[in-house]
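Enquirer: Numbering (our numbering), first residue to last: 2 to 416. Every residue, glycine too, gets a C-beta built ideally from N, C-alpha and C.
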Amino acid sequence: MRIKGSDPLKVDSDPNVGLQVSPFVQAGGLSRSHLPPMPFSTDTPRSRLGRVERFETIVIGGGQAGLAVGHYLASDDADFVILDGASRIGDSWRRRWDSLRLFTPAAYSGLPGMPFPAPPAHLPDKDEVADYLTRYAERFDLPVRLDAAVRSLDHDGGRFVVHAGDHVYESDQVVVATGPFQRPKVPAISRRLAPEIHQVHSSDYHNPLELPDGPVLLVGAGNSGAQIALELARSRKVWLAGRSPGYLPRRLFGRDLFDWVWPVMNRATTDSVLGRHIRKRSQRGDQRIGIPEGALAGAGINRVGRLVDERGGLPVCGDIAIEPSTIVWCTGFDPDYRWIRLPVLNERGKPSHRRGISSAVNGLYFSGLRFQYRLSSSLIGGVGEDAVFVAAQIGRRASIAESGRTPTTSIAVRA
Ligand SMILES: Cc1cc2nc3c(=O)[nH]c(=O)nc-3n(C[C@H](O)[C@H](O)[C@H](O)COP(=O)(O)OP(=O)(O)OC[C@H]3O[C@@H](n4cnc5c(N)ncnc54)[C@H](O)[C@@H]3O)c2cc1C
């Protein structure tokens, strides 16, 4: 198999790839022998690894979720730093495919304190979003350190210990804001397909010119799959495989769809009846926005059933064997928390938390999780509502510590 993809790439159903459930949670106790191997020894004296810097709070990830928390920490005059592995703020957007535009109009794509600088109905392209994030960090003078990929997050019994490059950082609080879309998901069947078929995940697709000549099969008929299919169908034969996740019109009763749905998304919390209903529905995939089945047919895209099997190295979709020269996997993502060496994940491999406050480790927080508290939590315009709550919890914890009422420096693994 030749998948040009980010490392690490998660191939579904492969027990050897993608450790998602914390071994600690499975084993029911904190024992280093249960932890996955590290790229270096945490027993190496810190003095030999470089400078140890201390902050009250470390935010890991400087995308929209980390910057929004940073905005509130800065307005609180908190002592903090934001660490990001990329070389430029906004790179997670810059890396996405060239023609990508937001499905949320500018009016609903602003971070706290700085509206998106475009007419309300404008659908920003991915580079406009990246530049907006850069300007946001500049405007609020946020202390972002770039090229600082965090390799491990641990706790030494007194403080959190963060290893990034050859730097060691320590803090009383940590906010994990590394994004919900980190590890491309690719079905295990990809490994059985003929090596002549070029395979790429949507996260590594940029434009039609980068693909080998010939017909393309897109697997996954959600927003990404449909958008890329429409782009490729202008110049070549395209199949789009998968169930339709349903469709919402771009405009409704003369207004943008988000003029109607945003108030609901922003208000319906995940513990409300409506929130629970929509969250459950989303397990079947997010509805496509503005791309009905008719538009796909009109563009000459061949709709086929789910990719269920392989025959002679060819993908079988429904009951048809297809001969593409390229497959683009539009099959989604998982978060990546393998670098967190603390028992933060539940049995489903997701952070156990309440409104972004870790249920397992005192002083640990999350920002930007999908459905963190609202249906809009992982969207640009929604992340601020959770960020203000998380920053307030951090402020409260810090002032309790200052008053000497509760030590903040001990790890407390909650039952
Ligand atoms: C194709 C696509 C289209 C989308 N369209 C929209 C849209 O129209 N509107 C909308 O509101 N939302 C949209 N989203 C959802 C969401 O807004 C984006 O995924 C957004 O990038 C999430 O922001 P984030 O800050 O949570 O994560 P990211 O943008 O992924 O940022 C995470 C940051 O953490 C850093 N990082 C990761 N791991 C580490 C580490 N170990 N150490 C240090 N740094 C690390 C990364 O370098 C990155 O800068 C879209 C998502 C996708 C995938």
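#1: Measuring straight from C-alpha to C-alpha, what distance separates Gly405 and Gly159?
#2: Considering only residues of the same chain and omitting the five flanking positions on each side of Tyr109, which have a CB-CB separation below 6 Å?
#3: Please confirm if the segment 143-151 is in contact with the segment 108-127, defined as three or more CB-CB distances below 8 Å between the two stretches.
#4: Only counting the same chain, and skipping five residues up and downstream in sequence, which positions put a Cβ closer than 6 Å to that of Leu212?
#5: Just grab the DSSP bridge partners of Gln228 for me.
#6: Based on the DSSP output, what are the partners of Tyr170 in its beta bridges?
#7: My guess is that Phe161 and Gly306 are in contact by the Cβ rule of under 8 Å, so how many angstroms apart are they, rounded?
#8: Can you list, in chain order, the residues of its chain with a C-beta nearer than 7 Å to that of Ile290? Leave out the 5 residues immediately preceding and following it.
#9: Within 10 angstroms of the Cβ of Trp94, are there 16 or more other Cβ atoms? Answer buried if so, exposed if not.
#10: In terms of residue numbering, what span does the beta strand (DSSP E) encompassing Ser100 cover?
#11: Output the distance between the C-alpha atoms of Ser34 and Arg342, rounded to the nearest integer angstrom.
#12: Taking only three categories from DSSP, how would you classify Ala122?
#13: Could you tell me the boundaries of the beta strand (DSSP E) in which Ala242 lies?
#14: Measuring CB atoms only, is the segment 187-197 touching the segment 302-318, in the sense that at least three cross pairs come out at less than 8 Å?
#15: Could you tell me the alpha carbon to alpha carbon distance between Asp80 and Val151, rounded to whole angstroms?
#16: Taking DSSP as the reference, what is the three-state secondary structure of Phe367?
#17: For Pro264, report the span of its alpha helix (DSSP H) as first-last.
#18: Can you pull the DSSP bridge partners for Glu311?
#19: To the nearest angstrom, how far is it from the Cα of Val309 to the Cα of Gln284?
#20: Please classify Trp330: does DSSP put it in a helix, a strand, or coil?
#21: Tell me the rounded alpha-carbon separation between Gln200 and Leu210.
#22: With a threshold of 7 Å, establish whether the CB of Pro116 neighbours any heavy atom of ligand 1.
#23: Let's see if you can read the secondary structure: which residues bound the beta strand (DSSP E) around Ile83?
#24: Below 8 Å between beta carbons: does that hold for Val60 and Val169?
#25: Nearer than 7 Å: is that true of the beta carbon of Pro97 relative to any heavy atom of ligand 1?
#26: Beta carbon of Val389: closer than 7 Å to some heavy atom of ligand 1?
#27: Quick check: His207 and Pro185, are their CB atoms within less than 8 Å of each other?
#28: Between the Cα of Gly1 and those of Pro352, Asp173, Glu54, spot the shortest distance and give me the residue it belongs to.
#29: Have a look at Pro293 and Trp98 and give me their C-alpha separation to the nearest angstrom.
#30: Using CA coordinates, which residue listed in Leu346, Gly357, Asp78 is at the minimum distance from Phe56?
#31: State the Cα-Cα distance for the pair Arg398 and Tyr366, rounded to the nearest angstrom.
#32: Quick check on Asp335: does DSSP put it in helix, strand or coil?
#33: To the nearest angstrom, how far is the alpha carbon of Ile323 from that of Phe334?
#34: Would you tell me roughly how many angstroms separate the C-alpha atoms of Leu101 and Met115, rounded to the nearest one?
#35: Look at Asn267 and Ser377 and say whether their C-beta atoms are less than 8 Å apart.
#36: Could you tell me whether the Cβ of Leu241 comes closer than 8 Å to any Cβ of chain B?
Expert: Based on what the coordinates show:
#1: 15 Å
#2: Phe259, Trp263, Gly382
#3: no
#4: Thr327
#5: Gln228 pairs with nothing; no bridge assigned.
#6: In the DSSP secondary-structure assignment, Tyr170 is bridged to Glu54, Val163.
#7: About 48 Å; that fails the 8 Å criterion.
#8: Excluding residues within five positions, the ones whose Cβ falls inside 7 Å are Phe104, Asn224, Leu249, Arg251, Leu258.
#9: buried
#10: That residue, Ser100, is in no beta strand (DSSP E); it is neither H nor E in DSSP.
#11: Low confidence applies here, because Ser34 scores a pLDDT of 31, under 50, leaving its location unreliable; read the following figure in that light. Between Ser34 and Arg342, the C-alpha separation is close to 12 Å.
#12: Three-state DSSP puts Ala122 in coil, outside helix and strand.
#13: 239-242
#14: yes
#15: 19 Å
#16: In this structure, DSSP gives Phe367 an extended state, which the three-state scheme calls strand.
#17: 258-268
#18: Answer by DSSP bridge pairing, in chain order: Pro316.
#19: 19 Å
#20: strand
#21: 15 Å
#22: For Pro116, the shortest separation between its Cβ and any heavy atom of ligand 1 does not lie below 7 Å.
#23: 81-84
#24: Their beta carbons are not under 8 Å apart, which means Val60 does not touch Val169 by this criterion.
#25: Note that residue 97 is Arg in the sequence shown, not Pro. The answer is yes for Arg97.
#26: no
#27: no
#28: One cannot answer for residue 1 here, as it falls past the ends of the chain, which runs 2 to 416.
#29: 21 Å
#30: Asp78
#31: 12 Å
#32: strand
#33: 25 Å
#34: 22 Å
#35: Their beta carbons are under 8 Å apart, which means Asn267 touches Ser377 by this criterion.
#36: Absent from the structure is chain B; it holds one protein chain and no more.
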